[in-house]
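Peer 1: Encoded as structure tokens, here's the structure I'll be asking about.
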Amino acid sequence: MIEVAVIGDGQLARGVAAQLAERSDLRVVGPTPRDGIAAALDAGTRVVVIATTTRLADIAHHIEAAVLAGSNVIVSAEECAYPWAVDRVVADRLDTLARERGVTILGCGLNPGFVFDALVLTLLGTGGLPTGISVERTVDLSGFGPTVRGRLGLGVSSTDFAAGIESARILGHAGFPQSMSIVADALNVEIDNITTHIEPTLVDDNTVGFIQEYVAIVGGLPWFRARFIGHLSPAAAGLVVRDTIEITSRDTPLTCTIEPGIGSQSGSQSLIANSIDRVVAAPSGWLTVAELEPAHPRFISEHPARTSIS
């Protein structure tokens, strides 16, 4: 039986813990507030899921504590999907420590972790080298709690939104540089720089959503365009909730549309819960989703057998 500790007291941590508790082969501890991580580690936890916040700097010490305790780590923080994009020194140090301790660190969720990177790489397997990648995701933001809404900048005036972006108190949706770096690394492509733009969607000077775009420049030209449209009432605003990936190459252009789009909360929760087995089986070090098998659920049987077709 694998013991899994879930750290965090928010919506995502509670959802992950509940989903993991459905598996008879896991012993789930938590969800536990972040200040309770020491007690969880003392129990000899095989996997620690840290679902608390966005920034690497805020949880690097928790990741280090888990690794030193001999636990594998799954982190929901967007910056942790590819930590080298934020702090190469910290990322290299924790990667080395994980290798020395024989454990794995993985940052994953719906994005980064799937729509803008893992799914893109899967689709790229059907053709040649891409000349351009475009991913657009339109999301209903109404299901998020107050902490995430604050980070997204919802419910504030246009002036406060601009000030929040300037101070980095408001992030919009985080993780695009991480997804772009995951894809670029997998394809052995070097990104020159990444441009960013975000603007609020306002109703009577109240932010009800935002449009955000990141563009990765390669060889002086746009190569990977990531666009996120979030709204508290997308249908009322004439928006269709969906995910669209467009790939251009020397082969036939490819467009993949998922409609309705994958649920932000349910998708992130499931990708984390479905990553327990692949992290336990993975090589040691800080890995990205490009280096692991796809996440998937697993039926638990007392007498597992391969399906035969007669």
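Be aware that the sequence shown starts at 26, since it is given in this note's numbering, and climbs by one per residue. Here a beta-carbon is modelled for each residue, glycine too, at the ideal position from N, C-alpha and C.
Smallest Cα separation from glycine 170: which of Ser192, Ala199, Gly35?
Peer 2: With distances taken between Cα atoms, glycine 170 lies closest to Gly35.
Peer 1: Note down the Cα distance separating glycine 61 from aspartate 83, rounded to an integer number of angstroms.
Peer 2: Using only the alpha carbons, I get a separation of about 15 Å.
Peer 1: Is it right to say aspartate 67 is buried, meaning 16 or more other beta carbons lie within 10 angstroms of its own, or is it exposed?
Peer 2: Per the 10 Å Cβ criterion, exposed.
Peer 1: Would you report the Cα separation of valine 100 and aspartate 142, rounded to the nearest angstrom?
Peer 2: For valine 100 and aspartate 142, the distance between alpha carbons rounds to 16 Å.
Peer 1: Let me check understanding here. Comparing Cα to Cα, which of Ile223, Ala199, Val29 lies closest to threonine 70?
Peer 2: Here the closest residue by C-alpha is Val29.
Peer 1: How should glutamate 318 be labelled, buried or exposed, when 16 other C-beta atoms within 10 angstroms of its C-beta is the threshold for buried?
Peer 2: Under this definition glutamate 318 is an exposed residue.
Peer 1: Based on the DSSP secondary-structure assignment, which residues constitute the bridge partners of asparagine 97?
Peer 2: Partner(s): Val72.
Peer 1: When you compare each of Thr77, His222, Ala102, Glu271 to glutamate 191 by their alpha carbons, which one comes out closest?
Peer 2: Nearest C-alpha to glutamate 191: His222.
Peer 1: Between the alpha carbons of asparagine 218 and alanine 102, how many angstroms are there, rounded?
Peer 2: Using only the alpha carbons, I get a separation of about 22 Å.
Peer 1: What residue from Thr172, Ile236, Ile301, Thr151 has the CA that sits closest to cysteine 281's CA?
Peer 2: Checking every option, the nearest Cα to that of cysteine 281 belongs to Thr151.
Peer 1: With arginine 194 as the anchor, note down where its beta strand (DSSP E) starts and where it stops.
Peer 2: Careful: arginine 194 lies outside any beta strand (DSSP E) and carries neither H nor E.
Peer 1: According to DSSP, simplified to helix, strand and coil, what is phenylalanine 169?
Peer 2: Three-state result, phenylalanine 169: coil.
Peer 1: Can you tell me whether methionine 26 is buried or exposed? The criterion is at least 16 other CB atoms within 10 Å of its CB, across all chains shown.
Peer 2: Burial call: exposed.
Peer 1: Can you find the residues in the same chain that come closer than 7 Å, C-beta to C-beta, to proline 155, ignoring five residues on each side of it along the sequence?
Peer 2: Leu149, Ile272, Thr273, Ser274, listed in sequence order.
Peer 1: Please list the segments of the alpha helix (DSSP H) lying wholly inside the region 99-184, counting only runs of 4 or more residues, in order along the chain.
Peer 2: Correct list: 113-126, 143-149, 171-177.
Peer 1: Within this structure, are the beta carbons of serine 309 and threonine 129 separated by less than 8 Å?
Peer 2: Yes, these two residues count as a Cβ contact at 8 Å.
Peer 1: Take every Cβ of the region 176-190, pair it with every Cβ of the region 108-126, and state whether three or more of those distances are shorter than 8 Å.
Peer 2: With the cut-off at 8 Å, the region 176-190 and the region 108-126 do not touch.
Peer 1: Which parts of the region 286-318 are runs of the alpha helix (DSSP H), unbroken and 4 residues or longer, counting only runs that do not cross its ends?
Peer 2: Taking only runs of at least 4 residues, the alpha helix (DSSP H) segments lying wholly in the region 286-318 are 289-298, 301-305.
Peer 1: I need the boundaries of the beta strand (DSSP E) containing valine 208, first residue and last residue.
Peer 2: Not the beta strand (DSSP E): valine 208 falls in the alpha helix (DSSP H), residues 201-212.
Peer 1: Is it buried or exposed, histidine 321, if we count other Cβ atoms within 10 angstroms and call 16 or more buried?
Peer 2: Under this definition histidine 321 is an exposed residue.
Peer 1: Would you kindly report the start and end of the unbroken alpha helix (DSSP H) that includes isoleucine 325?
Peer 2: Where isoleucine 325 is concerned, there is no enclosing alpha helix (DSSP H), given that its DSSP letter is neither H nor E.
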